[in-house]
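Written below as structure tokens is the structure these notes are about.
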Amino acid sequence: MPELPEVETIRRDLLPHLPGRRVETVRVLRASVLECSPRRLRAALTGAVIRDVRRHGKVLILDLDSSLSLLVHLRMTGQLLLGAGVADPRFLRVVLQLSGGLRLLYADCRALGRLELCGSSDLACSRALGRFGPDALDEEGLAALLAAARRRRTPIKCLLLDQSVLAGIGNIYASEILHVARIAPDRPADALTRAELNRLRRATRNVLSAAIEARGTTFSDFRTGTGEPGRYGAQLRVYGREGERCLRRGCRGTIVRLVQQQRSTFFCPDCV
DNA sequence: GATAATGTTCGATC
DNA sequence: AGATCGAACATTAT
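Reading the first sequence from the start, the letters are residues 1174 to 1445 in the numbering used here.
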């Protein structure tokens, strides 16, 4: 569910509250969301102190003082929430009781998300994160996108979604970025002109930054770390707007939906 | 009941 | 190697 801006929003909500807290108890209500056994998770987390909250792409990273880190992939419907009473109790999967009476909840309706332990040395972490390319908001990630685009024939939308090229862009922002960059989603990546690649780089940075400022997009399930919806939905220009009028000034086009890699893509044929 | 949903991954196939 | 496709995971909402 959450893409880079949503995970960054959660990170910013958690950061003022988690570092310095000790994990007192670990309650696992659905073991299938763990990459390890519940017993191993309890052993690793109980008594550990949270040092930092980081993010890479769509992955949230809780660094512990024990030279371990807890990686959280929210996938489609995962939520990481601070404090009780904010999650639908039916979908609670893991509860961490922290010092000072604070609770960190992992809720996930579809239970596709995953919690994973890894060594927090750079080496161990980068191995656990090895399937991902550089973060989409880093200069390195933007450079990786342009480099991959020059040598691959795959449709540009598919390249934006490829987490091994750059990490963090999902189905909503891929459509939004291409619309802002005025590039048709089915264009072969290696056919993009230099001018189009420049627009793509700018659009990626601008759309992701604006979405973070608005605290993410709540299309259906996303909640921030404090349980509120994000506000970027009001700024979406194409996603979910099939059949509606294009919002670009002076454009009379209608948004169409096509399917790429079994997922919906939205764009305005008159803008590209 | 069919369909689609902000994601990832694995296997088959070309 | 690169690319595509389908299925799987699991559950709700329309």
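Virtual Cβ for every residue (Gly too), placed ideally from N, Cα, C.
In the DSSP assignment, A1280 falls within the beta strand (DSSP E) that extends over 1276-1281. Distance from the CA atom of R1276 to the CA atom of G1403, rounded to whole angstroms, is 22 Å. Between V1196 and A1221, the CB-CB gap stays under 7 Å. Of E1181, V1245, V1267, the smallest CA-CA separation from R1203 is found for V1267. Under DSSP, R1436 shares a beta bridge with Q1433. In this structure I1223 touches P1192 by the C-beta definition: roughly 6 Å separates them, less than 8 Å.
Under the DSSP assignment, D1186 falls in the alpha helix (DSSP H) whose first and last residues are 1177-1187. Rounded to the nearest angstrom, the Cβ distance from G1273 to A1309 is 34 Å, too far for a contact under 8 Å. For G1292, the enclosing beta strand (DSSP E) begins and ends at 1287-1292. As for any alpha helix (DSSP H) of minimum length 4 sitting wholly inside the region 1310-1393, the runs are 1312-1324, 1329-1334, 1344-1354, 1367-1386, ordered along the chain.
If you compare the alpha carbons of R1326, T1390, L1318 with that of N1344, the shortest gap goes to T1390. In terms of CA proximity to F1395, D1261 leads the group L1188, D1261, A1217, A1317.
Each residue's CA atom was taken as its position, placing G1423 and C1444 some 10 Å apart. If you look at L1253, you'll find it in the beta strand (DSSP E) that goes 1251-1255. Put simply, the backbone Cα of Y1346 is about 8 Å away from that of T1377. L1288 is not a Cβ neighbour of L1187, given a cutoff of 7 Å. Excluding residues up to 5 positions away in sequence, L1318, A1321, A1322, R1325, V1338, A1362 lie with their Cβ nearer than 8 Å to the Cβ of L1332 in the same chain. DSSP, reduced to helix, strand and coil, places L1214 within a helical segment of the structure shown. Straight across, the Cα-Cα distance linking T1397 with T1366 is about 38 Å. For the pair V1353 and V1380, the CB atoms are nearer than the 7 Å cut-off. The alpha-carbon of P1442 is positioned some 7 Å away from that of A1357.
Annotated three-state conformation of R1263 is helix, per DSSP. The three-state reading of DSSP puts V1222 in strand, counting E and B together. Shown here, V1232 sits in a strand according to DSSP, grouped into three states. When the five nearest sequence neighbours on each side are left out, the beta carbons in the same chain lying within less than 8 Å of the beta carbon of L1271 are those of L1191, R1194, R1195, V1196, E1197, I1223, L1277, in order along the chain. When DSSP states are grouped into helix, strand and coil, V1206 belongs to the helix group. Rounded to whole angstroms, the gap between the alpha carbons of A1407 and A1364 is 32 Å. DSSP places S1242 in the strand class (E or B) of the three-state scheme.
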